[in-house]
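K.L.:
Here it is, the structure in full.
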Amino acid sequence: MTHSSETGIDWRRIGNWLGLCVLVLVVGVFVVAAVPQAVGADESYVVLSSSMSPTIDAGAVVFVSGVPVDQIAEGDVITYDRSPGGENTRVTHRVVDVVERDGERRFETQGDANEDPDPSLVAPNEVIGVVTFSVPYIGYVISFSQTRLGLLSLVIVPALLLVVLELRDLLAATDGGDP
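FYI, the numbering for the sequence shown is 37 to 215, going by my numbering.
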């Protein structure tokens, strides 16, 4: 064992516990972002722009719950789907006005950091839901993890390190020594 000779503290055990806590925290964040139902939300999205700053900064993850459109009110922050050219584009902005047009409820939206409202109204079929809460910075890690370098540094390297450390411990145990 690796003890401090003066204090008798088992630094290896402390390191193992700290490593486990960090691992549980990181895995927990990824699970919650990947399975938003675990926290009562229907969807989660990484915020890519700062149009909602300072309320929601770029790099945050927003958790969105579906609600009937007749319950959406001025001041709510909603996520909606705009699909220019068949490409899914999700936008998270605040409802600044609720408008009845052609017998249908529509929403005028605006980013908190934007001076003007968005150019077109949001139709009910475009609404994904209301943002219930957000977690700052986690989106950067999620976006990074979806790159090759991110996969390598966040999954493959730690997995290899775990295997190497376990093999070292097994070899030390079979030699009768303490790693």
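Heads up, the beta-carbon is just placed ideally off N, CA and C, and yes, glycines get one too.
In the stretch 143-193, which residue ranges form an unbroken beta strand (DSSP E) of at least 3 residues, counting only runs that do not cross its ends?
P.N.:
Listed in chain order, the complete beta strand (DSSP E) runs (minimum 3 residues) inside the stretch 143-193 are 163-171.
K.L.:
Is it the case that the Cβ atoms of residue 204 and residue 164 are separated by a distance below 8 Å?
P.N.:
As a first step, residue 204 must be located in the sequence shown, where it is residue number 168. As a first step, residue 164 must be located in the sequence shown, where it is residue number 128. No, these two residues do not count as a Cβ contact at 8 Å.
K.L.:
In whole angstroms, what separates the C-alpha of residue 119 from that of residue 55?
P.N.:
Looking up residue 119 in the sequence shown gives position 83. Looking up residue 55 in the sequence shown gives position 19. The straight-line gap from Cα to Cα measures roughly 43 Å.
K.L.:
Just reading off the beta strand (DSSP E) that residue 82 is part of, what are its end residues?
P.N.:
What you label residue 82 is simply residue 46 of the sequence shown in a count that begins at 1. Unbroken beta strand (DSSP E) run through residue 82: 79-82.
K.L.:
Please list the segments of the beta strand (DSSP E) lying wholly inside the stretch 77-138, counting only runs of 3 or more residues, in order along the chain.
P.N.:
Segments of the beta strand (DSSP E) lying fully in the stretch 77-138: 79-82, 97-101, 113-118 and 125-137.
K.L.:
Going by the DSSP bridge assignment, what does residue 18 pair with across the sheet?
P.N.:
Given a span of 37 to 215 for the chain in the structure shown, any question on residue 18 remains unanswerable.
K.L.:
Comparing C-alpha positions only, which one of 201, 139, 136 and 210 sits nearest to residue 48?
P.N.:
The count along the sequence shown starts at 1 and reaches residue 48 at position 12. Out of 201, 139, 136 and 210, 201 has the C-alpha closest to the C-alpha of residue 48.
K.L.:
Any idea what DSSP makes of residue 2, helix, strand or coil?
P.N.:
Because the chain here runs from 37 to 215, residue 2 falls outside it and cannot be looked at.
K.L.:
Where do the N-terminal and C-terminal ends of the alpha helix (DSSP H) with residue 69 fall, by residue?
P.N.:
Taking the first residue of the sequence shown as 1, we reach residue 69 at position 33. Note, residue 69: alpha helix (DSSP H), 47-70.
K.L.:
What does the Cβ neighbour count give for residue 114, buried or exposed, with the cut at 16 atoms within 10 Å?
P.N.:
Against the sequence shown, residue 114 aligns to sequence position 78. The residue in question, residue 114, is buried, as its Cβ has 16 or more Cβ neighbours within 10 Å.
K.L.:
Spatial neighbours of residue 88 within its chain, please: CB distance less than 8 Å, with the 5 preceding and 5 following residues excluded, ordered by chain position.
P.N.:
Position 52 of the sequence shown, counted from the first residue, corresponds to residue 88. The answer, listed in chain order, is 113, 128, 129, 130, 147, 148 and 149.
K.L.:
Answer with buried or exposed for residue 155, where buried requires no fewer than 16 other C-beta atoms within 10 angstroms of its C-beta.
P.N.:
Your numbering for residue 155 matches position 119 in the sequence shown. By the neighbour-count rule (16 or more Cβ atoms within 10 Å), residue 155 is not buried but exposed.
K.L.:
Do three or more CB pairs link the stretch 165-174 to the stretch 90-104 at distances below 8 Å?
P.N.:
With the cut-off at 8 Å, the stretch 165-174 and the stretch 90-104 touch.
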